[in-house]
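Protein sequences, first through last, are from chains F and Z. Going letter by letter, the first sequence gives residues 12 to 279 in our numbering. Going letter by letter, the second sequence gives residues 6 to 410 in our numbering. Even glycine gets a Cβ: it sits at the ideal position worked out from N, Cα and C. From a predicted model like this one, the values you see are computed outputs, not experimental measurements.
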Amino acid sequence: MKALSRIYTALIFIILYIPIVVLMLFSFNSTANTGDLTGLSLYWYRELFSSPDTFNALKNTLVLAVSASVISTVIGTAAAVGLCKFKKNFFKNSVLSVTNIPMMNPDIVTGISMMLLFVFLGTLLGRDEKLGFTTLLIAHVTFCLPYVILSVRPKILTMPRSLPEAAQDLGCTPLQSFFKVELPQILPGVISGFILAFTLSLDDFVISYFTTGNDFQTLPLLIYSMTKKEVKPDIYALSTLMILTVTVLLILSNVSSKEKSTERRLTL
Amino acid sequence: MSPLGKRFLQAVCLRAYRFLFFSKFSGKGEALVEHKKIIELQNISKEFEDEQVLSSINLDIYDKQFVTLLGPSGCGKTTTLRIVGGFETPDQGDVLFEGKRINDVPAHKRSINTVFQKYALFPHLNVFENVAFSLRLQKLPNAEIIKRVKEMLELVALKGFERKNVTKLSGGQQQRVAIARALISHPRVLLLDEPLGALDLKLRKDMQNELKKIQKQTGITFIYVTHDQEEALSMSDVVVVMAEGKIQQIGTPTDIYNEPVNAFVADFIGESNIVDGIMNEDYKVTFSGHTFQCVDKGFAPGEAVDVVVRPEDVDVVNVADGMLQGTVTSVTFKGVHYEIIVDIGGFKWMIQSTDFVDVNANIGIFIEPDAIHIMKKSEFSGQYGDYSTFSDEIEELGNSETVGD
Numbered sequence: 012m013k014a015l016s017r018i019y020t021a022l023i024f025i026i027l028y029i030p031i032v033v034l035m036l037f038s039f040n041s042t043a044n045t046g047d048l049t050g051l052s053l054y055w056y057r058e059l060f061s062s063p064d065t066f067n068a069l070k071n072t073l074v075l076a077v078s079a080s081v082i083s084t085v086i087g088t089a090a091a092v093g094l095c096k097f098k099k100n101f102f103k104n105s106v107l108s109v110t111n112i113p114m115m116n117p118d119i120v121t122g123i124s125m126m127l128l129f130v131f132l133g134t135l136l137g138r139d140e141k142l143g144f145t146t147l148l149i150a151h152v153t154f155c156l157p158y159v160i161l162s163v164r165p166k167i168l169t170m171p172r173s174l175p176e177a178a179q180d181l182g183c184t185p186l187q188s189f190f191k192v193e194l195p196q197i198l199p200g201v202i203s204g205f206i207l208a209f210t211l212s213l214d215d216f217v218i219s220y221f222t223t224g225n226d227f228q229t230l231p232l233l234i235y236s237m238t239k240k241e242v243k244p245d246i247y248a249l250s251t252l253m254i255l256t257v258t259v260l261l262i263l264s265n266v267s268s269k270e271k272s273t274e275r276r277l278t279l
Numbered sequence: 006m007s008p009l010g011k012r013f014l015q016a017v018c019l020r021a022y023r024f025l026f027f028s029k030f031s032g033k034g035e036a037l038v039e040h041k042k043i044i045e046l047q048n049i050s051k052e053f054e055d056e057q058v059l060s061s062i063n064l065d066i067y068d069k070q071f072v073t074l075l076g077p078s079g080c081g082k083t084t085t086l087r088i089v090g091g092f093e094t095p096d097q098g099d100v101l102f103e104g105k106r107i108n109d110v111p112a113h114k115r116s117i118n119t120v121f122q123k124y125a126l127f128p129h130l131n132v133f134e135n136v137a138f139s140l141r142l143q144k145l146p147n148a149e150i151i152k153r154v155k156e157m158l159e160l161v162a163l164k165g166f167e168r169k170n171v172t173k174l175s176g177g178q179q180q181r182v183a184i185a186r187a188l189i190s191h192p193r194v195l196l197l198d199e200p201l202g203a204l205d206l207k208l209r210k211d212m213q214n215e216l217k218k219i220q221k222q223t224g225i226t227f228i229y230v231t232h233d234q235e236e237a238l239s240m241s242d243v244v245v246v247m248a249e250g251k252i253q254q255i256g257t258p259t260d261i262y263n264e265p266v267n268a269f270v271a272d273f274i275g276e277s278n279i280v281d282g283i284m285n286e287d288y289k290v291t292f293s294g295h296t297f298q299c300v301d302k303g304f305a306p307g308e309a310v311d312v313v314v315r316p317e318d319v320d321v322v323n324v325a326d327g328m329l330q331g332t333v334t335s336v337t338f339k340g341v342h343y344e345i346i347v348d349i350g351g352f353k354w355m356i357q358s359t360d361f362v363d364v365n366a367n368i369g370i371f372i373e374p375d376a377i378h379i380m381k382k383s384e385f386s387g388q389y390g391d392y393s394t395f396s397d398e399i400e401e402l403g404n405s406e407t408v409g410d
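See below:
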């Protein structure tokens, strides 16, 4: 029985990850052959980095991901702190549900509705270029926010209420108390929220597709446009790099939220 | 002379032997009038979600005293403390600090520090930084901070613990860090919310002595919240007994023990037999079918009263010599004495005696006039019954606080 369940688990993992492994493998292919692994080389990685389009998209993606995750972390943390201070349960739960809607909503719906809004507002304001970095950033912050709130909130809820009280008792203003005592306590949640937001922003395609203009292309959008012409292994190389980045970030996010919680469990 | 002082003198004259017995209780009635008021609570009321937690509390706290708020879970003692600390605002009434109203002064601007129930040490800071926290906020020069933290850690016997992680310390050590952290900025008043609740018995006794010592050394006013009556009696200059959001009695430990004002205080502080009686005239009271000499007066002739007799004040004698007669229903050896439950006319009395008696034996009991304390009838009369269902365990459960109170 135990062996059977192990085989089952292994099977699931193989089915889930074999496409990715094949993709990674073919990114090291020495020729452009799709079905034939002729030899291993870093040729397509070199090819990838020699293209100015790729570089530009990489730069754009990083700028967008960093800005979106920083902004959503700041807003999300503040929102989580504020939400925990609400006394009325009805109000608190309503606000929480509303912030969670972008998480539940199909990306394509969020994307199209945002595009509509931006175009509508852009027309109202008389702008020629209605979509671009700004609209993309707003869209990314919007869908990252609930994840930040979701990862910060439990940390605030488990923090003893007496900690900020002790800080204020010893002479902190409420603001000082937040930065000197509360923030260090909820920091693991804030960091994992930040990393989560960063990964989400990094690999988002659907919402970005609808909310960006012609002059701002991110990596997922670039890959999509590359596949339209001809599928070359440099796409594999790019995809491999993105998968690796996201994996590393997710591991980091998990580690940062786990570490502190085990530590706290020991002390209680 | 103040009424409190008079009561104190009365207690001294009449119950001299009790002073020998309870010599560890520091009866400092005179201290009450010596110092000036530091905190005054005037008509404080507080409600939480339609539940009246405090109703019209009036309390004066004098400088340099050790004041204990004593009462069962939910009596409002912690809320009172939080109002003084600035963590709750009263719905009605005023909080005065040295005569000035401080209702609207936030916690960080009050010269009042708190030792929290679960210590509330900052887990991300080590022992030194926890203690130095308030000094760092004041932006004092580093050399002075180091010097003062060092002195403070010596005072709480934690020398050499500077670099230790606070989460790795034992409960007693965390407690000391919390005390050092609260004391280092020289507050005028220190609030302690059940600070010893989480410690084991031995450590608790040591810390009681240490806290008392620190309070004497620093001359800081301590307001201490506890549900442990023994802790309250052995540490305090003044005990404030609270129940149901009201102050029942304020007095020295000896006052509270010897002259409880009502059945609640008598029952909550120590063991007591509380029986219904009739005051015939001054110095004469009838209960359990016998008329006793007593030392109380000032009641209306024929007034119904509550009579308190402490278990240690009842003498076991022959049936023939006894003022009252009864049958022993249980005897428990307690080390110093036997705890004897006697059925006297259907009411179970508790007697503490060093003499052994057999279960089912008929005995007589003898009560000295000054062992009888008469109290006016109150809302608490008749609530406490006799010792027929008494067990230490239930008593312990009843007194202990629920988690998160």
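With burial defined as no fewer than 16 other Cβ atoms inside 10 Å of the residue's Cβ, what is the status of G182 of chain F: buried or exposed? As a working mapping, residue 182 of chain F is identified with position 171 in the first sequence. Burial is judged here by how many other beta carbons sit within 10 angstroms of a residue's own beta carbon; G182 of chain F has at least 16 and is buried.
Buried or exposed: where does V242 of chain F fall if 16 or more other Cβ atoms within 10 Å of its Cβ makes it buried? For the purposes of this step, residue 242 of chain F is identified with residue 231 of the first sequence, where counting begins at 1. It is exposed - the Cβ of V242 of chain F has fewer than 16 other Cβ atoms within 10 Å.
When burial is assigned at 16 or more other CB atoms within 10 Å of the CB, is I25 of chain F buried or exposed? For the purposes of this step, residue 25 of chain F is taken as the residue at position 14 of the first sequence. It is exposed - the Cβ of I25 of chain F has fewer than 16 other Cβ atoms within 10 Å.
Here's the rule: buried if 16 or more other CB atoms are within 10 angstroms of the residue's CB, otherwise exposed. What is N245 of chain F? Translated into positions along the first sequence, residue 245 of chain F becomes position 234. The identity of residue 245 of chain F in the sequence shown is Asp, whereas the question assumes Asn. Buried, because 16 or more other Cβ atoms sit within 10 Å of the Cβ of D245 of chain F.
Can you check whether the C-beta of A2 of chain Z is within less than 8 angstroms of a C-beta belonging to chain F? The question about residue 2 of chain Z has no answer here: the residues shown for chain Z are numbered 6 through 410.
Mark M115 of chain F as exposed unless 16 or more other C-beta atoms lie within 10 angstroms of its C-beta, in which case mark it buried. Taking the first sequence and counting its residues from 1, the one referred to as residue 115 of chain F is at position 104. It is exposed - the Cβ of M115 of chain F has fewer than 16 other Cβ atoms within 10 Å.
Cross-chain neighbours of K251 of chain Z in chain F, by beta carbon under 8 angstroms: Residue mapping note: residue 251 of chain Z aligns to position 246 of the second sequence, counting from 1. Within 8 angstroms Cβ-Cβ: nothing; K251 of chain Z doesn't reach chain F, min ~26 angstroms.
Assuming contact is defined by CB atoms lying nearer than 8 angstroms, are I219 of chain Z and I66 of chain Z in contact in what I supplied? The residue labelled residue 219 of chain Z in the question sits at position 214 within the second sequence. The residue labelled residue 66 of chain Z in the question sits at position 61 within the second sequence. Contact: no.
Between the alpha carbons of T110 of chain F and V159 of chain F, how many angstroms are there, rounded? Reading the first sequence from its first residue, position 99 is the one you call residue 110 of chain F. Reading the first sequence from its first residue, position 148 is the one you call residue 159 of chain F. Using only the alpha carbons, I get a separation of about 11 angstroms.
List, from N- to C-terminal side, the alpha helix (DSSP H) runs of 4 residues or more that fit wholly inside the region 229 to 256 of chain F. Runs of the alpha helix (DSSP H) inside the region 229 to 256 of chain F: 230 to 240.
Residues near S236 of chain F by beta carbon distance below 8 angstroms, same chain, minus five either side: As a first step, residue 236 of chain F must be located in the first sequence, where it is residue number 225. Cβ-Cβ distances below 8 angstroms link S236 of chain F to Q228 in the same chain, with the five nearest sequence neighbours on each side left out; the list follows chain order.
Counting only the same chain and skipping the five closest in sequence on each side, list residues whose C-beta sits under 7 angstroms from that of I377 of chain Z. The residue given as residue 377 of chain Z occupies position 372 in the second sequence. Excluding sequence neighbours, I377 of chain Z sits near V290, F297, C299, V312 and V314.
So C80 of chain Z and M247 of chain Z are supposed to be a Cβ contact under 8 angstroms. How far apart are they, rounded? If you number the second sequence from 1, residue 80 of chain Z lands on position 75. If you number the second sequence from 1, residue 247 of chain Z lands on position 242. About 4 angstroms separates the beta carbon of C80 of chain Z from that of M247 of chain Z, a gap short enough to meet the 8 angstroms contact definition.
For my contact list, S203 of chain F and S162 of chain F are in at a C-beta cut-off of 8 angstroms; report their separation, rounded to the angstrom. Position 192 of the first sequence, counted from the start, is the residue given in the question as residue 203 of chain F. Position 151 of the first sequence, counted from the start, is the residue given in the question as residue 162 of chain F. Right, the Cβ-Cβ distance comes to about 5 angstroms (below 8 angstroms), so this counts as a contact.
Give me the chain Z residues within the contact set of C183 of chain F, using Cβ-Cβ distance strictly less than 7 angstroms, ordered along the chain. On the first sequence, residue 183 of chain F is found 172 positions in, with the first residue counted as 1. Those are H113 and L142, listed as they occur along chain Z.
For chain F, find out if any of its Cβ atoms is closer than 8 angstroms to the Cβ of A125 of chain Z; answer yes or no. Taking the second sequence and counting its residues from 1, one reaches residue 125 of chain Z at position 120. Taking Cβ atoms only, chain F reaches closer than 8 angstroms to A125 of chain Z, which makes this a yes.
Who pairs with K105 of chain Z in a beta bridge, going by DSSP? Within the second sequence, the letter at position 100 stands for residue 105 of chain Z. According to DSSP, K105 of chain Z bridges with Z:F102.
From the DSSP output, read off the bridge partner residues of D281 of chain Z. As a first step, residue 281 of chain Z is located in the second sequence; it is residue number 276 there, counting from the start. Answer by DSSP bridge pairing, in chain order: Z:D311.
Rounded to a whole number of angstroms, what is the C-alpha to C-alpha distance between P4 of chain Z and M157 of chain Z? With chain Z covering 6 to 410 only, the question about residue 4 of chain Z has no answer from this structure.
What are the residues in the region 224 to 243 of chain F lying within 7 angstroms of chain Z by C-beta distance? Residues passing the 7 angstroms Cβ filter: none.
Return the CA-CA distance between L101 of chain Z and A91 of chain F, expressed in angstroms with no decimal places. As a first step, residue 101 of chain Z must be located in the second sequence, where it is residue number 96. As a first step, residue 91 of chain F must be located in the first sequence, where it is residue number 80. Taking the CA atoms as reference points, L101 of chain Z sits about 36 angstroms from A91 of chain F.
Same chain only: Cβ atoms within 6 angstroms of L51 of chain F, ignoring 5 sequence neighbours per side: Here the question's residue 51 of chain F lines up with position 40 in the first sequence. Around L51 of chain F: F39.
Below 7 angstroms between beta carbons is the criterion; list the residues of the region 155 to 180 of chain F that meet it against any residue of chain Z, in chain order. Contact residues of the region 155 to 180 of chain F toward chain Z are P171, S173, L174, E176, A177, Q179 and D180 (C-beta to C-beta distance below 7 angstroms).
At which residues does the alpha helix (DSSP H) containing Q178 of chain Z begin and terminate? Taking the first residue of the second sequence as position 1, residue 178 of chain Z is located at position 173. For Q178 of chain Z, the enclosing alpha helix (DSSP H) stretches over residues G176 to L188.
Can you have a look at V38 of chain Z and say buried or exposed, based on whether 16 or more other CB atoms are within 10 angstroms of its CB? In the second sequence, counting from the first residue as 1, residue 38 of chain Z sits at position 33. Reliability of the predicted coordinates at V38 of chain Z is poor, the pLDDT of 49 falling under 50, and no value is obtained from them.
Does DSSP classify S83 of chain F as helix, strand or coil? Numbered from 1 along the first sequence, position 72 holds the residue referred to as residue 83 of chain F. Correct three-state label for S83 of chain F: helix.
Under three-state DSSP, which class holds A471 of chain Z? Here chain Z comprises residues numbered 6 to 410, so residue 471 of chain Z is not present and cannot be evaluated.
For the pair the region 45 to 61 of chain Z and the region 247 to 262 of chain Z, tell me if three or more CB-CB distances fall below 8 angstroms. With a cut-off of 8 angstroms, the region 247 to 262 of chain Z and the region 45 to 61 of chain Z count as touching, because enough Cβ pairs lie within range.
At least one CB of chain F closer than 8 angstroms to the CB of H129 of chain Z: is that the case? By one-based count along the second sequence, residue 129 of chain Z stands at place 124. With 8 angstroms as the cut-off, H129 of chain Z counts as an interface residue toward chain F.
Closest residue to L216 of chain Z among Z:F53, Z:S175, Z:A183 and Z:V245 (Cα-Cα distance): As a working mapping, residue 216 of chain Z is identified with position 211 in the second sequence. When each option's Cα is compared against that of L216 of chain Z, the closest is Z:A183.
Quick one: does T119 of chain Z have its CB under 8 angstroms from some CB of chain F? As a working note, residue 119 of chain Z is residue 114 in the second sequence. Contact of T119 of chain Z with chain F is assigned, a C-beta pair being separated by under 8 angstroms.
Buried or exposed by the 16-neighbour rule on C-beta atoms within 10 Å, applied to F385 of chain Z: Here the question's residue 385 of chain Z lines up with position 380 in the second sequence. That one is buried.
Helix, strand or coil: how does DSSP classify L86 of chain Z here? As a first step, residue 86 of chain Z must be located in the second sequence, where it is residue number 81. Here DSSP, grouped into helix, strand and coil, assigns L86 of chain Z to helix.
Can you tell me the Cα-Cα spacing of Y28 of chain F and L255 of chain F, whole angstroms? By 1-based counting over the first sequence, the position of residue 28 of chain F is 17. By 1-based counting over the first sequence, the position of residue 255 of chain F is 244. Those two C-alpha atoms are separated by around 13 angstroms.
Opening and closing residue of the alpha helix (DSSP H) in which F121 of chain Z lies: Counted from its first residue, the second sequence places residue 121 of chain Z at position 116. Careful: F121 of chain Z lies outside any alpha helix (DSSP H) and carries neither H nor E.
Following the continuous beta strand (DSSP E) through N48 of chain Z, name the residue where it begins and the one where it ends. Residue mapping note: residue 48 of chain Z aligns to position 43 of the second sequence, counting from 1. Its beta strand (DSSP E) spans residues K42 to F53.
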